[in-house]
Ligand SMILES: Cc1cc2nc3c(=O)[nH]c(=O)nc-3n(C[C@H](O)[C@H](O)[C@H](O)COP(=O)(O)OP(=O)(O)OC[C@H]3O[C@@H](n4cnc5c(N)ncnc54)[C@H](O)[C@@H]3O)c2cc1C
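In our numbering, the protein residues as written are 27 to 410.
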């Protein structure tokens with residue numbers, strides 16, 4: 027390997043993880059615990075903001091318990107005890123079992139990445155790009171720090187999220203983006219908007235015809251609001267704030283918050299991508315995402331990050347069977363992704379959603395039967 031300039035250093039590791047969000051940090055933690063030499067490259071200084079509803083499902087809390095962070099997350103967050111869904115004047119509310127948690131991503135992601143470093147992962151600040159990968163050795167360029175680093179690693183874990191560009195360009199790694207996909211926006215609002223938007227311990231989902239938003243109160247009283255919006259409707263409304271305000275008015279919520287918020291956006295949400303290539307394993311949103319309605323992207327990211335180490339181990343030993351990680355990821359999140367996709371398709375049909383909510387709120391037996399479909403992976407109070 028040639029050293030390209032005086033400010034370039036070259037180093038070798040077993041594993042390089044690109045992205046220090048939940049997927050990358052969980053993967054780094056488990057790899058470090060296995061005794062492998064692992065470096066995590068993260069471009070942002072933590073704590074960093076992230077467009078997200080901040081709702082961690084019971085499945086995500088279980089993964090945090092594996093990481094030894096269950097208590098810390100519960101203490102830093104607010105337990106979620108009710109799910110309230112409205113579309114226009116129709117509304118249904120479900121009692122949750124309280125094991126899910128609302129937590130700001132600046133807190134959660136910092137907890138997990140710090141945990142990975144405590145387990146022995148090295149943390150490096152910079153923007154990483156995979157220049158070359160095969161089953162023998164991968165090469166990653168890291169820029170943005172004091173000097174450019176070139177890292178050689180036996181394995182790369184790509185965990186750079188929805189908008190990540192760390193993988194080589196070209197057809198092989200290009201994500202498949204659903205044409206009708208919506209995009210995400212998010213904002214953090216001062217506590218004074220809490221009474222208009224949602225109570226503590228509540229997930230408030232407000233659905234319009236071409237978008238929806240969710241709101242939760244965080245432990246400091248501020249309100250995390252995140253939305254999925256149709257690009258066309260957002261353009262017609264005059265921007266994300268105006269589009270969210272329209273949904274609020276439709277659901278009889280004071281829209282003042284939407285005009286005051288500073289919205290941050292994401293690329294189109296619904297996408298899939300190959301989960302592996304020679305020497306490369308893909309986890310979290312980088313491997314695909316659906317939509318935020320069911321609040322489980324963090325849980326999928328954590329579950330994938332924790333599960334990948336078995337396949338990394340095989341790759342390090344030279345016994346990896348191509349396709350095994352793709353199959354495993356499908357087993358771990360495939361079924362939930364399909365359910366989430368069906369929910370989001372139903373959400374685009376207001377003629378279906380409104381009567382469904384009316385039925386759920388009026389008929390307890392229907393609620394017991396169908397609520398798990400609406401509430402996704404959120405466990406209802408009293409459920410077995
Ligand atoms: C509007 C909205 C609301 C949501 N609400 C919820 C919710 O309530 N509950 C839930 O469970 N999920 C929710 N999600 C989904 C959730 O945010 C994601 O699924 C989750 O963050 C995925 O984690 P990740 O680690 O894969 O990616 P990320 O959390 O995006 O982390 C990727 C990391 O990689 C870093 N990075 C990117 N490129 C590079 C590079 N080249 N080099 C180095 N570092 C890089 C980034 O800085 C980032 O820190 C929501 C998503 C949206 C859009």
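Glycine included, every Cβ here is placed at the ideal spot set by N, Cα and C.
Query: At a cut-off of 7 Å, is residue 108 close to ligand 1 when judged by its beta-carbon and the heavy atoms of the ligand?; Result: no
Query: If you follow the alpha helix (DSSP H) that residue 85 is in, where does it begin and where does it stop?; Result: 84-92
Query: Who are residue 226's beta bridge partners in DSSP?; Result: The partner list for residue 226 (beta bridge, DSSP) is empty, contrary to what the question assumes.
Query: Does DSSP put residue 256 in a helix, a strand or coil?; Result: coil
Query: Is any non-hydrogen atom of ligand 1 found closer than 7 Å to the C-beta of residue 175, if you look at the structure I gave you?; Result: no
Query: Could I get the ranges of all uninterrupted beta strand (DSSP E) runs contained in the segment 136-183, with 3 residues as the minimum, in chain order?; Result: 148-151, 153-159 and 164-169
Query: Any chance the CB of residue 16 is under 7 Å from a heavy atom of ligand 1?; Result: Given that the chain is displayed from residue 27 to residue 410, the structure contains no residue 16 and the question cannot be resolved.
Query: Assuming residue 150 contacts residue 77 under a Cβ cut-off of 8 Å, what Cβ separation, rounded to an integer in Å, is found between them?; Result: Not really, about 24 Å apart at Cβ, beyond 8 Å.
Query: Using beta-carbon positions only, say whether residue 122 and residue 107 come within less than 8 Å of one another.; Result: yes
Query: If you draw a straight line from the C-alpha of residue 274 to the C-alpha of residue 226, how long is it?; Result: 19 Å
Query: In whole angstroms, what is the alpha-carbon distance linking residue 403 and residue 81?; Result: 11 Å
Query: Using 7 Å as the cut-off, classify the Cβ of residue 83 as near or not near the heavy atoms of ligand 1, replying yes or no.; Result: yes
Query: Is the beta carbon of residue 335 sitting closer than 8 Å to the one on residue 57?; Result: yes
Query: How is residue 307 classed by DSSP in three states: helix, strand or coil?; Result: strand
Query: Less than 7 Å between C-beta atoms, sequence neighbours within five positions excluded: which residues of the same chain meet that for residue 86?; Result: 324, 325 and 328
Query: Less than 7 Å separating the Cβ of residue 244 from some heavy atom of ligand 1?; Result: no
Query: Quick check: residue 212 and residue 49, are their CB atoms within less than 8 Å of each other?; Result: no
Query: Using the C-alpha atoms, what's the distance from residue 45 back to residue 341?; Result: 20 Å
Query: If you compare alpha carbons, which of 136, 62 and 128 is closest to residue 51?; Result: 136
Query: Would you say the beta carbon of residue 226 comes nearer than 7 Å to a heavy atom of ligand 1?; Result: no
Query: Relative to ligand 1, is the shortest distance from any of its heavy atoms to the C-beta of residue 188 smaller than 7 Å?; Result: yes
Query: Are the CB atoms of residue 158 and residue 306 nearer to each other than 8 Å?; Result: no
Query: Of the residues 312, 405 and 386, which one's Cα is nearest the Cα of residue 117?; Result: 386
Query: Could you check if residue 280 is buried or exposed, using at least 16 other CB atoms within 10 Å of its CB as the buried criterion?; Result: exposed
Query: Could you work out which residue in 130, 101 and 371 is closest to residue 249 when comparing CA atoms only?; Result: 130
Query: Could you check what DSSP says for residue 128 in three-state terms: helix, strand or coil?; Result: strand
Query: Going by C-alpha to C-alpha distance, which of 112, 125, 165 and 74 sits closest to residue 35?; Result: 165
Query: Closer than 7 Å by C-beta to residue 169: which residues in its own chain qualify, once you throw out the five before and the five after it? Chain order, please.; Result: 152 and 153
Query: Taking the straight line between their C-alpha atoms, what separation do you get for residue 346 and residue 251?; Result: 42 Å
Query: Answer yes or no: do residue 215 and residue 109 have a C-beta to C-beta separation smaller than 8 Å?; Result: no
Query: Between residue 298 and ligand 1, is there a pair consisting of the residue's CB and a ligand heavy atom that are separated by less than 7 Å?; Result: no
Query: With hydrogens ignored, establish whether the beta-carbon of residue 77 is closer than 7 Å to any heavy atom of ligand 1.; Result: yes
Query: What's the gap between the Cα of residue 32 and the Cα of residue 312?; Result: Note on residue 32: pLDDT 48, under 50, position unreliable in the model; the coordinate value appears next. Cα to Cα, the separation comes out at about 33 Å.
Query: Going by the CB atoms, is the gap between residue 270 and residue 319 shorter than 8 Å?; Result: no
Query: Name the one or two DSSP bridge partners that residue 43 has.; Result: 66 and 183
Query: Determine the DSSP secondary structure at residue 221, reduced to helix, strand or coil.; Result: helix
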